[in-house]
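Here's the structure we're looking at; comments come further down.
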Amino acid sequence: MTDFDPSHLQNISNILFDNENYLECEISCEMSNQCIYRSIINRSYYAAFSYFKIWAIQNKGYDEDNALNHYRNISRGRAPGRHKVLTLFIVENLDPNYEQNIIDLANKLDSIREQRTGADYYFDIELSKTDAEEVFNISQEIISSL
Numbered sequence: 029m030t031d032f033d034p035s036h037l038q039n040i041s042n043i044l045f046d047n048e049n050y051l052e053c054e055i056s057c058e059m060s061n062q063c064i065y066r067s068i069i070n071r072s073y074y075a076a077f078s079y080f081k082i083w084a085i086q087n088k089g090y091d092e093d094n095a096l097n098h099y100r101n102i103s104r105g106r107a108p109g110r111h112k113v114l115t116l117f118i119v120e121n122l123d124p125n126y127e128q129n130i131i132d133l134a135n136k137l138d139s140i141r142e143q144r145t146g147a148d149y150y151f152d153i154e155l156s157k158t159d160a161e162e163v164f165n166i167s168q169e170i171i172s173s174l
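Here the numbering used here is used: the first residue of the sequence shown is 29, the next is one more, and so on.
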């Protein structure tokens, strides 16, 4: 595994927020804010997802290939995505009596994944700075809590 720290992806989101006004002027499209907000949501989600995945590997013995095969077998051949496999693994392998906070973080990861999907695929929906800030803040909470 590489020494790359996925929480650094969150730094990209922070730079985008800090330079929002400058980037508005530099990007030659009338929807430059949409580009910025969608990028913040995307990078923030992937920072949290990647950080959670590394946490699961280091603390719970998560093996993505084994987990993908396991959930593919129990779902009759339908391959769930990597996000779903990670969150299923977390929920099924943690004790809610002692690790409910981690399960809650997995649920928060689910919520920002939905927002990331919207940002990446639904261009008819206008995103706001508040939307980007919400995902950024939840991502930051996940990273700092693990």
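In this text, a Cβ means the ideal position worked out from N, Cα and C, and glycines have one as well.
Please read these numbers as outputs of a predicted model, since none were measured by experiment.
Residues in the same chain with beta-carbon distance under 7 Å from residue i, minus the five sequence neighbours each way, listed in chain order, please.
i, result
"His-111", "Phe-77, Arg-141"
"Tyr-99", "Pro-108, Val-113, Leu-116"
"Ser-35", "Ala-75, Tyr-79, Ile-171"
"Asn-47", "none"
Taking buried to mean at least 16 other C-beta atoms within 10 Å of its own C-beta, is residue i buried or exposed?
i, result
"Met-29", "Reliability fails at Met-29, whose pLDDT of 46 lies under 50, so the model's placement of it is uncertain and the value that follows must be treated cautiously. That one is exposed."
"Ile-118", "buried"
"Tyr-126", "exposed"
"Asn-70", "buried"
"Ile-182", "Residue 182 is absent from the model: the chain starts at 29 and stops at 174."
"Arg-143", "Note that residue 143 is Gln in the sequence shown, not Arg. Label assigned to Gln-143: buried."
"Tyr-150", "exposed"
"Ser-72", "buried"
"Ile-130", "buried"
Only counting the same chain, and skipping five residues up and downstream in sequence, which positions put a Cβ closer than 8 Å to that of residue i?
i, result
"Glu-154", "Gln-62"
"Asn-165", "none"
"Leu-174", "Tyr-79, Phe-80, Trp-83, Ile-130, Leu-133"
Just to confirm, are residue i and residue j a CB contact at a threshold of 9 Å?
i, j, result
"Ser-139", "Gln-38", "no"
"Ala-179", "Ser-41", "Past the boundaries of the shown model lies residue 179; the chain is included only from 29 to 174, so the question cannot be answered."
"Ala-147", "Phe-45", "no"
"Tyr-65", "Lys-157", "yes"
"Asn-121", "Lys-88", "yes"
"Leu-133", "Glu-162", "no"
Excluding five sequence neighbours on each side, which residues of the same chain lie with their C-beta closer than 6 Å to the C-beta of residue i?
i, result
"Ala-95", "Val-113, Phe-117"
Could you give the residue range of the alpha helix (DSSP H) that holds residue i?
i, result
"Ile-153", "No alpha helix (DSSP H) contains Ile-153, which DSSP labels as neither H nor E."
"Met-79", "According to the sequence displayed, residue 79 carries Tyr and not Met. Element bounds for Tyr-79: 60-88."
"Asn-175", "Summary: the structure shown does not reach residue 175, with the chain confined to residues 29 through 174, and so no result is reported for it."
"Leu-96", "92-102"
Any alpha helix (DSSP H) of 4 or more consecutive residues that is wholly inside the region 105-150: 110-121, 124-149
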